[in-house]
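What follows is one structure encoded as structure tokens, with my remarks underneath.
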Amino acid sequence: MYKKLTAGAAAIVLASGLAACGGGSEGSSDSAGAGDVSMGFAQVGAESGYRTANTESIKAAAKTAGIDLKFSDAQQKQENQIKAIRSYIQQRVDVIAFSPVVETGWDTVLQEAKRAKIPVILTDRAVDVAGVGVVDQPLAGLLAFDDEVGSEE
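Taking our numbering, the leading residue of the sequence shown gets 60, the next gets one more, and so forth.
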């Protein structure tokens, strides 16, 4: 069941990334959907039309799929993304996704997610970390996490 939940969240991230080609309003912290799967998404910010459309498509796809989305806008600040990720860990979401604002400085928070056995999906940017089991492709990142932590049925 664990793999099905996280694979569903990964599909939402993939689908919304492909659909991010329209306009929309600036993202803010909110929750959409009311499903059994929860996903924390720490967006880098709203620095471009693409990013705004990406935010809106993630929210829409999560709502359509019935995923309980916890969303935060980091406003181009790594410390805001780290704070959001830690909040998602404390809330025990099923999966965390984010577009990292920078490549380095993620080791500690990603280890925290790994210890909590919460998969982390990078949506469209890479991170430079050692031994965490996360890569820059959504489904591959999920699979790498499963290899490191193991799945729960």
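Ideal Cβ placement from N, Cα and C applies to all residues, glycine included. Predicted model, so just to flag it, every value in this text is computed and none were measured.
- Counting along the chain, G108 sits inside no beta strand (DSSP E); it lies in the alpha helix (DSSP H) bounded by residues G108 to A124.
- According to the DSSP assignment, S146 belongs to the alpha helix (DSSP H) that extends over Q137 to Q150.
- Scanning its chain for C-beta atoms nearer than 7 Å, with the 5 sequence neighbours on each side dropped, one finds around G104 the residues R110, D132, A133, Q134 and Q135, in chain order.
- Going by DSSP, D132 is part of the beta strand (DSSP E) stretching over D127 to D132.
- Looking at the DSSP output, G99 sits in a beta bridge with K129 and I155.
- In the DSSP assignment, V179 falls within the beta strand (DSSP E) that extends over V179 to L181.
- Judged by DSSP in its simplified three-state form, V188 adopts coil rather than helix or strand.
- Contact between the segment 118-132 and the segment 165-179 is not established, with fewer than three Cβ pairs separated by less than 8 Å.
- Shown here, A172 sits in a helix according to DSSP, grouped into three states.
- About 5 Å separates the Cβ atoms of D187 and T163, confirming a contact at the 8 Å cut-off.
- Distance from the Cα of K142 is smallest, within the candidate group D95, G99 and A189, for G99.
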